[in-house]
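Asker: In this note's numbering, the protein residues as written are 246 to 385.
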């Protein structure tokens with residue numbers, strides 16, 4: 246059984262998004278998800294892309310989820326903290342896929358809740374992009 250709807254796969258394919266799925270864990274992994282230039286470091290070096298693990302809820306498309314996980318762990322280039330992130334550690338809600346540890350990012354979309362049967366995988370990608378653009382979880 247697929248994690249997403251055919252229309253979601255069409256969106257991913259049209260956009261040229263590299264991804265993989267694990268149906269057993271319901272993981273959707275976006276490979277080399279782009280990051281804003283100059284904002285993040287990974288392993289002490291500038292980072293322009295990161296792998297993003299997203300758990301597709303059982304009740305997709307009624308709920309879009311509010312967390313994702315990244316590999317490698319990101320730090321802000323300006324040294325400021327990134328709120329509501331954690332890992333890599335089981336005590337910090339990390340996820341492991343094929344031996345790779347992904348670090349948690351928690352973001353809540355209370356002002357823009359998931360719209361069942363309207364929102365889709367594009368909404369998920371847009372939310373992740375927003376979180377990377379605003380690492381302090383606030384618009385300027």
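For each residue, glycine too, the CB sits at the ideal point set by N, CA and C.
None of the values given here were measured: they were computed from a predicted structure.
1. For residue 375, list the residues DSSP reports as bridge partners.
2. Quick one: residues in its chain with C-beta nearer than 8 Å to the C-beta of residue 274, no 5 flanking neighbours on either side, listed in chain order?
3. Please go through the region 270-295 and give each complete beta strand (DSSP E) segment of 3 or more residues, from N-terminal end onward.
4. Use the C-beta contact count for residue 345: other C-beta atoms within 10 angstroms, 16 or more gives buried, fewer gives exposed.
5. With C-beta atoms as the reference, is residue 278 less than 9 Å away from residue 365?
6. Between the alpha carbons of residue 377 and residue 315, how many angstroms are there, rounded?
7. State the start and end residues of the unbroken alpha helix (DSSP H) segment that holds residue 364.
8. Where are the beta strand (DSSP E) runs, 3 residues long or more, that stay fully inside the region 293-345, in chain order?
9. State the DSSP-derived secondary structure class of residue 267, mapped to helix, strand or coil.
10. Classify residue 252 as helix, strand or coil using the three-state DSSP reduction.
11. If we ignore side chains and look at the alpha-carbon of each, how far apart do residue 255 and residue 301 end up?
12. Can you check DSSP and say which residues form a bridge with residue 354?
13. How long is the line joining the alpha carbons of residue 261 and residue 280, rounded to whole angstroms?
Answerer: From the atom records:
1. The partner list for residue 375 (beta bridge, DSSP) is empty, contrary to what the question assumes.
2. 264, 265, 266, 267, 296, 297, 298, 299 and 342
3. Counting only runs of 3 or more, we get 272-279, 285-287 and 290-292.
4. Burial is judged here by how many other beta carbons sit within 10 angstroms of a residue's own beta carbon; residue 345 has fewer than 16 and is exposed.
5. no
6. 11 Å
7. Residue 364: not part of any alpha helix (DSSP H); DSSP gives it neither H nor E.
8. 294-300, 312-316 and 340-342
9. strand
10. helix
11. Between residue 255 and residue 301, the C-alpha separation is close to 17 Å.
12. In DSSP, residue 354 forms no bridge with anything.
13. 16 Å
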